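Residue numbers (my numbering), protein chains in the order written: chain Y, 118 to 455; chain F, 213 to 713.
Quick notes on the structure that follows.
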Ligand code: SF4
Ligand code: SF4
């Protein structure tokens, strides 16, 4: 090294990305346990697509292919795409989603570190808008029969009635909005087969897996507390407030936190450094905004889970948030007046 | 117990202090030829006082201070000045500047020395003694010390934190010469009227702290206190140490005395004591030889000693590929090891590819924020980097570029291995260059405008003069006309009449 500093901490972008991947594993294990190994097929598919697309794009852009392909960032995007899509979407949907994430959202914006939007979330938004039906077929918990799922993914044989069921968020939304049913939250949670103890059978365990991985990321200092705490606290506060005001219409905090992408979002998606805010206060605003939008879309919007839209919307505001939340520089803080 | 404040950010690299701190300070042999640069401080100039061929004595002033910021330069030993010529200095910019080349006579004969009683003498006398002794900050910044003593303060901080990895010259100095450091601190305290003196020492130097405590007890200084501070780079940064010890944050552009505090390195305090009590100017310093040596350690070296001669004492191992002056965090690679030791030479770090592997390839910034968390100045290094890289210098200044102390913490932690500090140095130098250009352009414009103004004024004056003259002439003519009439009349009356006009 010609210039100071002449020493460096043994960290690298690759190590950071590998740790994020490792932190996803507890959630994936729970996922496989409750919903069968189909998700592993999707993760593999997404990973292969991502690496191929990444390599091709790097080659086209004249960047060192090997160095960047092995940095792990494409894999993180691929895994998040796979984990936020239903595990039984047809293979081409996963492939298209990953291509949107890697080619359009990442490389057309300048590659690693330059994308203003979270690639996996853009993929999710695009796909749910284009294929709302396919994107809302989720497998039934504890029905982890591999074979029909595989057929759903690879053959276009989508006789899924036996294995598909609404997710808790979806069920809640459909039932609540059906005037015929005159349902209340308490009634739905008590009687409907989709719902387990907290958020929905199986899904709360997957969420718990993400929580564990996320806490490990915190301990490893890959992420800071600001985003997950602000996200969870905001979601919990709004949910609780509305739940108290109108318990028949609005479901409580536990449910919101442990269903859909909330936990994954809090620890793995809203924390994406590239597309998120970087100042401490900015991170809090960013995550709180994302949580608030998530709750609004979930409660009033056309889609069952609003997390992806919420994140992409907040990505838009990052430059502004960062600009307005510059921390006080050493010596410019009020303490200097002491 | 004193309440400690801590500072934001910082890092904990491996300290590597044991390798060089274990052995006592050695005395470097007198080299046959010394190269003494006339520019030894960060500011100010000198008047060269010797000529080639002149004999000098050890400690003789060969360059006297010019202006309030100048410091004197001395002959480190007795001998003959064989030449005065420009030589490259060990400085990041590899500047060449005039140096005295002195051939040592081996006698090492001192000039006359006159000790001074710092407490009965007039403070101005003591300060000029310090100035004439050529004392500059020995922590590496080489700012003239007498300038920093020109204020009344509350708290005097003596910096023994020495936070850069590998460097141990202050550690050894405190262990071996604590009483002189205390004496120097007492003189500075007396000059500046400080109520208390805090010696800040990092807690990885327990022997140094113990030696300093003993020295304080022996000398009986109740107003002085040794405070061990947590080991964390850059705890030895002046602003950081002051903050840790007093809670005061000194902003960019402000000085310690604005907040009632001033900070000196232990080496500087030691040099002050030697200058005042023994009339020994700053002609030597302790240099750490650390890194890839067979015999690492600390060496007391005359200023002007060729670096090669010192390296020979430590015997760099065969795979040594470069020498860094300073520590691994802020030092720079020497372009050439034949350059002389200067007052800023605190460490000569021998580097090898195994000890200091080259950095992995640079990746794009992923905005992970590791740099922000490490920055002791609470800056946003990744934003500074972004704007410096895109040459948006206005923005870099908005993001407080000039508050950056170039400590390197951000680059140390960056997982993308971006040489962040280089970008900041680049931006700073560009901005300074532009400001210089602008100032030069402003001056040129002012000169031009002044010339125009002067020309116009002269023209106006000339016109006025001409007009005045014309009027005068007219008046004179009129007068003369009248006078002629009178004279004619007078001459008619008195033939020898004079012109009274
Ligand atoms: S540490 Fe490096 S990669 Fe991370 S934000 Fe700072 S500059 Fe970017
Ligand atoms: S070099 Fe500058 S920007 Fe980087 S950590 Fe130090 S003060 Fe902060």
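Glycine included, each C-beta is placed from N, C-alpha and C at the ideal position.
Computed from a prediction, not measured in an experiment: that's the story for all the values here.
In this structure the region 321-338 of chain F does not touch the region 275-282 of chain F; the number of beta carbon pairs closer than 8 Å is below three.
In the DSSP secondary-structure assignment, residue 408 of chain F is bridged to F/367. Across the region 523-534 of chain F, no CB contact with chain Y closer than 7 Å is found for any residue. The DSSP-derived three-state label of residue 134 of chain Y is helix. Between residue 380 of chain F and residue 502 of chain F, the C-beta spacing is below 8 Å.
Within the model, the alpha-carbon separation for residue 134 of chain Y versus residue 223 of chain Y is close to 16 Å.
Contact annotation for residue 633 of chain F against chain Y: 120, 121 and 122 [CB-CB distance below 8 Å, chain order]. If you draw a straight line from the Cα of residue 265 of chain F to the Cα of residue 292 of chain F, it is about 6 Å long. Contact check for residue 583 of chain F and residue 632 of chain F: beta-carbon distance about 7 Å, within the 8 Å limit, so the pair qualifies. Taking the C-beta atoms as reference points, residue 257 of chain Y is found no nearer than 8 Å to residue 461 of chain F. Along the length of the region 446-492 of chain F, whole alpha helix (DSSP H) runs at least 4 residues long occupy 450-458 and 478-490, reported in chain order. Residue 638 of chain F and residue 587 of chain F have their C-alpha atoms roughly 19 Å apart. In this structure residue 385 of chain Y does not touch residue 431 of chain Y by the C-beta definition: roughly 15 Å separates them, more than the 8 Å allowed. Separation of the CB atoms of residue 194 of chain Y and residue 217 of chain Y is rounded to 10 Å, and the pair is thereby denied contact status at 8 Å.
Between the alpha carbons of residue 509 of chain F and residue 520 of chain F lies a distance of about 16 Å. Under the Cβ criterion of 8 Å, residue 449 of chain Y is counted among the residues facing chain F.
Contact of residue 469 of chain F with chain Y by beta-carbon distance below 8 Å is absent, the smallest such distance being about 14 Å. In this structure residue 347 of chain Y does not touch residue 427 of chain Y by the C-beta definition: roughly 13 Å separates them, more than the 8 Å allowed. Within its own chain, the residues whose Cβ lies closer than 7 Å to the Cβ of residue 620 of chain F, once the five positions on either side in sequence are excluded, are 541, 542 and 633, listed in chain order.
Given a length threshold of 4 residues, each whole run of the alpha helix (DSSP H) inside the region 354-381 of chain Y is given here in chain order: 370-375.
Taking 8 Å as the CB threshold, residue 303 of chain F stays off the interface with chain Y. Contact between residue 250 of chain F and residue 309 of chain F holds, since their C-beta atoms are separated by about 7 Å, short of 8 Å.
Sorting Y/232, Y/122, Y/328 and Y/242 by C-alpha distance to the C-alpha of residue 147 of chain Y places Y/328 at the top.
Checking the 7 Å criterion, the Cβ of residue 581 of chain F is out of range of every heavy atom belonging to ligand 2.
For residue 544 of chain F, the pairing in a beta bridge is given by DSSP as F/537. By the Cβ criterion, the region 400-417 of chain F is in contact with the region 442-460 of chain F, since at least three pairs of Cβ atoms, one from each stretch, lie closer than 8 Å. Note on the region 169-195 of chain Y: whole alpha helix (DSSP H) runs with a minimum of 4 residues are 182-186, in chain order. Close to residue 543 of chain F, with beta-carbon spacing below 8 Å, are these residues of chain Y in chain order: 121 and 123.
At a cut-off of 8 Å between beta carbons, residue 129 of chain Y contacts chain F. Between the region 203-210 of chain Y and the region 150-159 of chain Y, the count of Cβ pairs shorter than 8 Å is three or higher; the stretches touch. Under a criterion of Cβ atoms nearer than 7 Å, the residues of chain Y adjacent to residue 580 of chain F are, in order, 133 and 390. By alpha-carbon distance to residue 128 of chain Y, the top candidate from F/574, F/603, F/645 and F/650 is F/574. Taking all protein chains in view, the Cβ of residue 688 of chain F is surrounded by fewer than 16 other Cβ atoms within 10 Å, so the residue is classified as exposed. Between residue 555 of chain F and residue 354 of chain F, the C-beta spacing is below 8 Å.
Residue pairing by DSSP leaves residue 220 of chain F without any beta bridge partner.
When C-beta distances to chain Y are compared with 7 Å, the residues of the region 614-626 of chain F below that value are 615, 620, 623, 624 and 625, in chain order.
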